[in-house]
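Residue numbers (our numbering), protein chains in the order written: chain A, 1 to 377; chain B, 378 to 577. For each residue, glycine too, the CB sits at the ideal point set by N, CA and C. Remember, predicted model here, so these are calculated numbers, not experimental data.
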Amino acid sequence: MQNKELDVVTTQYLTCCQPPDELVLKNGQRLGPITIAYETYGLLNTDQSNAILILHALTGDAHAAGYHAGDKRPGWWDIMIGPGKAFDTDKYFIICSNVLGGCQGTTGPASINPATGRSWGLNFPVISIRDMVAVQKVLIDHLGIKKLLSVAGGSMGGLQALKWVIEYPQTVHSAIVIATNYRHSAQQIALHVIGRQAIMSDPDWHNGEYYGHAVPARGLALARMIGHITYMSEKSMDEKFGRKVIKTEKAGKDFSVKFEVENYLKYRGDSFVQRFDANSYLYLTKAVDNFDLTDKADLKTLFKDLPCKYLIITFASDWLYPSHQLKELVKALQSNNADVTDVEINSDYGHDAFLIPNEGQAHVVKHFLARMEKEYL
Amino acid sequence: MKTTTDNKIRLDYSVILDMVNAGSSVLDLGCGDGELLSLLIESKGCRGRGIEIDEKAVFACIARGLTISHEDINYALAAYTNKTFDYVIMNESLQQITHPQQAVLEALRVGRHVIVGMPNFCHFLARFQIFFQGRVPVTRELPYQWYETPNIRFFSLKDFKAFCRKNQITIRKQTALGLSRIVPCCPNMFAHFGIFLLEN
Numbered sequence: 001m002q003n004k005e006l007d008v009v010t011t012q013y014l015t016c017c018q019p020p021d022e023l024v025l026k027n028g029q030r031l032g033p034i035t036i037a038y039e040t041y042g043l044l045n046t047d048q049s050n051a052i053l054i055l056h057a058l059t060g061d062a063h064a065a066g067y068h069a070g071d072k073r074p075g076w077w078d079i080m081i082g083p084g085k086a087f088d089t090d091k092y093f094i095i096c097s098n099v100l101g102g103c104q105g106t107t108g109p110a111s112i113n114p115a116t117g118r119s120w121g122l123n124f125p126v127i128s129i130r131d132m133v134a135v136q137k138v139l140i141d142h143l144g145i146k147k148l149l150s151v152a153g154g155s156m157g158g159l160q161a162l163k164w165v166i167e168y169p170q171t172v173h174s175a176i177v178i179a180t181n182y183r184h185s186a187q188q189i190a191l192h193v194i195g196r197q198a199i200m201s202d203p204d205w206h207n208g209e210y211y212g213h214a215v216p217a218r219g220l221a222l223a224r225m226i227g228h229i230t231y232m233s234e235k236s237m238d239e240k241f242g243r244k245v246i247k248t249e250k251a252g253k254d255f256s257v258k259f260e261v262e263n264y265l266k267y268r269g270d271s272f273v274q275r276f277d278a279n280s281y282l283y284l285t286k287a288v289d290n291f292d293l294t295d296k297a298d299l300k301t302l303f304k305d306l307p308c309k310y311l312i313i314t315f316a317s318d319w320l321y322p323s324h325q326l327k328e329l330v331k332a333l334q335s336n337n338a339d340v341t342d343v344e345i346n347s348d349y350g351h352d353a354f355l356i357p358n359e360g361q362a363h364v365v366k367h368f369l370a371r372m373e374k375e376y377l
Numbered sequence: 378m379k380t381t382t383d384n385k386i387r388l389d390y391s392v393i394l395d396m397v398n399a400g401s402s403v404l405d406l407g408c409g410d411g412e413l414l415s416l417l418i419e420s421k422g423c424r425g426r427g428i429e430i431d432e433k434a435v436f437a438c439i440a441r442g443l444t445i446s447h448e449d450i451n452y453a454l455a456a457y458t459n460k461t462f463d464y465v466i467m468n469e470s471l472q473q474i475t476h477p478q479q480a481v482l483e484a485l486r487v488g489r490h491v492i493v494g495m496p497n498f499c500h501f502l503a504r505f506q507i508f509f510q511g512r513v514p515v516t517r518e519l520p521y522q523w524y525e526t527p528n529i530r531f532f533s534l535k536d537f538k539a540f541c542r543k544n545q546i547t548i549r550k551q552t553a554l555g556l557s558r559i560v561p562c563c564p565n566m567f568a569h570f571g572i573f574l575l576e577n
């Protein structure tokens with residue numbers, strides 16, 4: 001059933017928020033023009049009732065599914081999106097865009113500041129999850145969609161999904177919120193802090209003014225290595241690497257790579273540097289850390305009378321976003337008598353579980369969407 | 378009570394369906410694969426929610442298109458305000474939970490009515506096994522050995538009624554079930570299963 005694949009897909013670009021109609025950010029600053037990189041899969045039906053917005057995690061991009069011409073690897077959530085898959089492109093019109101502040105096609109700190117003709121660097125305004133969502137709303141309006149069948153995302157994508165529900169309740173029929181939190185906890189912030197410190201203490205960072213020069217590769221790679229550890233579980237790391245040694249130490253002091261896990265983290269760190277901008281990493285992790293749905297009202301008040309229906313998914317081995325955090329949200333939604341389905345899926349893969357083939361996740365998303373299709377108003 | 382005969386609604390389900398008013402709101406505590414909840418929605422036009430702790434059962438409920446929370450019954454109700462539901466159903470779940478008293482009282486708080494379906498651990502066949510064989514009973518209805526049973530609370534219909542009296546719970550209706558029909562007399566001796574409609 002899942003052997004069909006999407007045709008070759010391409011990233012599209014929309015430039016919007018041209019002055020004087022710039023986007024007003026959460027902090028009051030104006031930003032424009034903004035370019036949005038996005039991809040779509042499947043066809044929008046005539047009554048526009050089958051559109052689903054996919055929201056990517058920290059380092060994801062618009063390329064969620066299918067293959068770009070000549071690529072060997074598919075998009076980051078190809079396990080979930082495609083013909084016959086959970087987000088079935090034979091039934092649904094799927095949209096995914098790179099977030100504001102990102103570095104993979106959408107305007108971010110590495111983009112050219114039209115006022116100076118140079119990269120924004122740290123002159124790029126501080127952005128928030130709310131601003132990411134506001135840009136996505138511009139895209140949805142551009143595509144002519146009045147109401148999304150669903151918004152769906154894991155990790156930072158889950159934060160965006162929740163923000164969609166709060167900011168545009170009439171535009172969202174349902175939300176699929178995966179492995180995330182309604183506000184970043186001290187531990188989650190702390191782990192991001194180390195990543196940011198790694199980048200900022202790299203001598204090549206130069207207060208973000210490294211464009212055209214050597215990039216802060218060591219710092220960014222280190223940030224990614226820390227990130228990777230938090231995305232895996234103890235068990236999945238042990239199963240994947242154990243204490244496997246890839247080379248024996250030379251006589252005397254030898255601190256070069258010895259263990260398989262060391263080699264893996266180094267590889268992931270180094271390859272990340274090839275595709276990701278260090279300043280984007282600072283801006284995006286900061287946006288996530290600043291995110292707190294409850295900064296103005298408690299969860300119950302916040303979600304009161306919103307018509308959205310929810311699917312909340314967590315993973316038993318995810319210690320970065322442990323299930324009990326989203327359970328608090330579930331309880332608040334239940335106390336409002338909202339239509340919320342929640343499940344903790346038994347996976348050993350830690351936070352990464354939502355990106356790894358997982359029958360349970362595919363099953364619940366598929367059937368939840370089938371119900372949403374019937375109940376779409 | 379575990380199997381459904383083809384094309385025929387399980388006896389306990391049909392008794393429960395008769396107890397529930399059409400169009401009401403229902404919370405099924407320990408809803409399993411959601412069969413009863415689906416019946417309530419489809420044949421009685423109820424609005425239904427389920428609570429279930431087993432992951433595979435939760436998946437089955439979602440496949441039926443049900444709204445379901447993956448949760449322990451003892452922690453499931455705190456979020457709900459008083460009398461959120463017309464009915465809270467605890468069918469074949471009470472004998473498996475750690476704090477049954479708290480669960481029933483909480484169910485009565487969030488529900489206007491509570492329906493409890495429970496196996497009768499003092500059916501006469503069970504009594505015979507204890508008395509003549511000196512063994513903890515294993516019957517067709519309670520087919521588990523002591524070391525593998527999911528049941529951790531053992532009580533009879535009479536025990537449950539005493540529990541209701543003690544907690545000042547009103548029993549509005551009660552039906553005693555045998556294997557295939559309703560038991561008209563001496564339920565605590567001859568019924569395998571009891572279904573109670575409770576109110577505060």
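Ranked by how close their Cα comes to the Cα of A/Gly360, the residues A/Gln160, A/Thr314 and A/His68 have A/Thr314 in first place. Classified as exposed, B/Trp523 has fewer than 16 neighbouring CB atoms from the shown chains inside 10 Å of its CB. Along the region 470–503 of chain B, there is no position whose C-beta sits under 9 Å from a C-beta of chain A. Comparing alpha carbon positions, the residue from A/Ser317, A/Trp319, A/Glu328 and A/Ser335 closest to A/Leu306 is A/Ser335.
Remark: C-beta atoms of A/Ile194 and A/Ile226 approach each other more closely than 8 Å. Sixteen is the threshold: since fewer than 16 other Cβ atoms of the shown chains lie within 10 Å of the Cβ of A/Ile112, the residue is exposed. When 7 Å is used as the limit between beta carbons, A/Arg371 is near these residues of chain B: Gly442, in chain order.
Per the DSSP secondary-structure output, B/Gly494 pairs in a beta bridge with B/Asn468 and B/Ile572. Straight across, the Cα-Cα distance linking A/Phe241 with B/Ile466 is about 48 Å. Residues of chain B whose Cβ lies closer than 7 Å to the Cβ of A/Val364 are, in chain order, Phe436 and Ile439. Within chain B, the residues placing a beta-carbon under 8 Å from that of A/Asn346 are Glu432, ordered along the chain. If you check the CB distance, A/Glu260 and A/Lys250 do not come in under 8 Å. At a cut-off of 8 Å between beta-carbon atoms, A/Thr341 makes contact with chain B. In this chain, the alpha helix (DSSP H) harbouring A/Phe368 covers Glu359 to Glu375. The bridge partners DSSP lists for A/Phe93 are A/Ala51. The criterion of a C-beta distance shorter than 8 Å is satisfied by B/Ile439 and A/His367. Runs of the beta strand (DSSP E) lying entirely within the region 85–156 of chain A and spanning at least 3 residues, in chain order: 93–97 and 150–154. Close partners of A/Gln334 in chain B (Cβ separation under 8 Å): Ser446, Ala456 and Tyr457.
Between the region 138–152 of chain A and the region 265–283 of chain A, the count of Cβ pairs shorter than 8 Å is below three; the stretches do not touch. At least one beta carbon of chain B lies nearer than 8 Å to the beta carbon of A/Gly360. An exposed status is given to A/Pro169, since fewer than 16 other beta-carbon atoms sit within 10 Å of its beta-carbon.
In terms of beta-carbon proximity, B/Thr526 stays away from the interface with chain A, with every pair separated by 8 Å or more. Between A/Ala179 and A/Ser155, the beta carbon gap of about 6 Å places them in contact (Cβ cut-off 8 Å).
In this structure, A/Leu320 places its C-beta atom within 8 Å of the C-beta atom of A/His351. Nearest in C-alpha terms to A/Gly42, of all of A/Arg275, A/Val8, A/Thr15 and A/Leu355, is A/Val8. Among the CB atoms of chain A, none fall inside 8 Å of the CB of B/Thr547. Beta bridge pairing from DSSP links A/Cys16 with A/Ile34. Beta-bridge pairing by DSSP links A/Ala332 to no other residue. Taking the beta carbon of A/Val330 as reference, the chain B residues within 7 Å of it are Ser446, listed in sequence order. Taking 8 Å as the threshold, the shortest C-beta distance from B/Thr461 to chain A falls below it. Rounded to whole angstroms, the Cβ separation of A/Asp348 and A/Gly108 is 34 Å, and the two are not in contact under 8 Å. Note on B/Gln510: under 16 other CB atoms within 10 angstroms of its CB, so exposed under the neighbour-count rule. In the three-state DSSP reduction, B/Gln545 falls in the coil class, being neither helix nor strand.
Residue environment: A/Ala37 is assigned as buried (16 or more neighbouring CB atoms within 10 Å of its CB, all protein chains considered).
Closest in alpha carbon position to A/Thr35, among A/Leu23, A/Gly28, A/Ala370 and A/Thr46, is A/Leu23.
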